[in-house]
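*Asks:*
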Amino acid sequence: MRIAVDPNRCEGQAVCVGLAPKVFELNDDDEIVRVIVDEVPEEFEKRARKAVEKCPMAALTIEE
Ligand code: SF4
3 MRIAVDPNRC EGQAVCVGLA PKVFELNDDD EIVRVIVDEV PEEFEKRARK AVEKCPMAAL
63 TIEE
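Residue numbering for the sequence shown follows our numbering, beginning at 3 and increasing consecutively.
1) Taking its Cβ as the centre, do 16 or more other Cβ atoms sit within 10 Å of A50, making it buried, or is it exposed?
2) Straight-line CA distance for E27 to G20?
3) Do A60 and V35 have their CB atoms nearer than 9 Å?
4) Between the alpha carbons of P58 and G14, how many angstroms are there, rounded?
5) What's the gap between the Cα of V7 and the Cα of E41?
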């Protein structure tokens with residue numbers, strides 16, 4: 003499973019980072035989150051899916 007971020011939607015509230023810090027990353031000066039893994043490891047899939055669901059801007063998309 004892969005996750006894509008829509009940079010036009012992401013506002014950097016970092017909800018996703020809070021839910022899945024091994025999958026998403028946001029530095030202090032970043033406004034747009036980065037997906038730090040190419041393929042989401044199986045052990046983080048549940049958290050990553052939760053992050054996609056909870057993103058307030060609907061900026062994340064799952065690519066199976
Ligand atoms: S939760 Fe959504 S809007 Fe917030 S940083 Fe993550 S992708 Fe961006």
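Don't be surprised by glycine CBs; every beta carbon is placed ideally from N, CA and C. Since we're looking at a predicted model, the values are computed, not measured.
*Replies:* Judging by the given coordinates:
1) Indexing the sequence shown from 1 puts residue 50 at position 48. So A50 ends up on the buried side.
2) The residue given as residue 27 occupies position 25 in the sequence shown. The residue given as residue 20 occupies position 18 in the sequence shown. For E27 and G20, the distance between alpha carbons rounds to 9 Å.
3) Numbered from its first residue, the sequence shown carries residue 60 at position 58. Numbered from its first residue, the sequence shown carries residue 35 at position 33. It is not a contact, given that the beta carbons lie outside the stated cut-off.
4) Here residue 58 is taken as the residue at index 56 of the sequence shown, counted from 1. Here residue 14 is taken as the residue at index 12 of the sequence shown, counted from 1. The straight-line gap from Cα to Cα measures roughly 10 Å.
5) For the purposes of this step, residue 7 is identified with residue 5 of the sequence shown, where counting begins at 1. For the purposes of this step, residue 41 is identified with residue 39 of the sequence shown, where counting begins at 1. V7 and E41 have their C-alpha atoms roughly 14 Å apart.
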